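Below: one structure, written as structure tokens.
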């Protein structure tokens with residue numbers, strides 16, 4: 001099985017939460033005086049997505065957060081092509097929350113978004 005996510009050459013654990021990928025296209029759209037709509041393709045097939053983890057220890061959260069930089073080299077498995085894509089990406093909206101504390105162990109969630117540049 002292919003690794004789902006690698007950030008800055010650090011293999012990130014496969015999420016026990018969710019990994020969603022969205023394919024995007026950039027284009028200009030305008031309508032001429034004759035009413036005809038024109039679409040100019042700027043860039044096709046770039047990806048964005050979100051990653052969320054449930055039930056991490058504080059050490060696991062730290063390991064993942066330390067791998068993340070605002071602009072990162074990302075390898076992400078894309079099931080649409082059944083292969084790993086290597087992209088330069090903006091990683092933002094990093095959020096972690098404590099979910100519960102039991103038997104002297106805190107359990108955390110972690111989430112962030114990935115946007116190909």
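In this note's numbering, the protein residues as written are 1 to 117.
Each residue gets a CB set at the ideal place from its N, CA and C atoms; glycine is no exception.
Keep in mind that this is a model prediction, so the values were computed, not measured.
Asked                                                                    : Found
Spatial distance of residue 99 from residue 60 (CA atoms)                : 14 angstroms
Those residues which DSSP pairs with residue 51 across a bridge          : 19, 112
Short Cβ contact (7 angstroms threshold) for residue 64 with residue 105 : no
For residue 81, three-class secondary structure by DSSP                  : coil
Minimum C-alpha distance to residue 15 - residue among 51, 108, 81, 45   : 51
Top-ranked residue by Cα proximity to residue 6, from 97, 93, 89         : 89
Within 7 angstroms, strictly: CB atoms of residue 116 and residue 68     : no
Short Cβ contact (7 angstroms threshold) for residue 91 with residue 114 : yes
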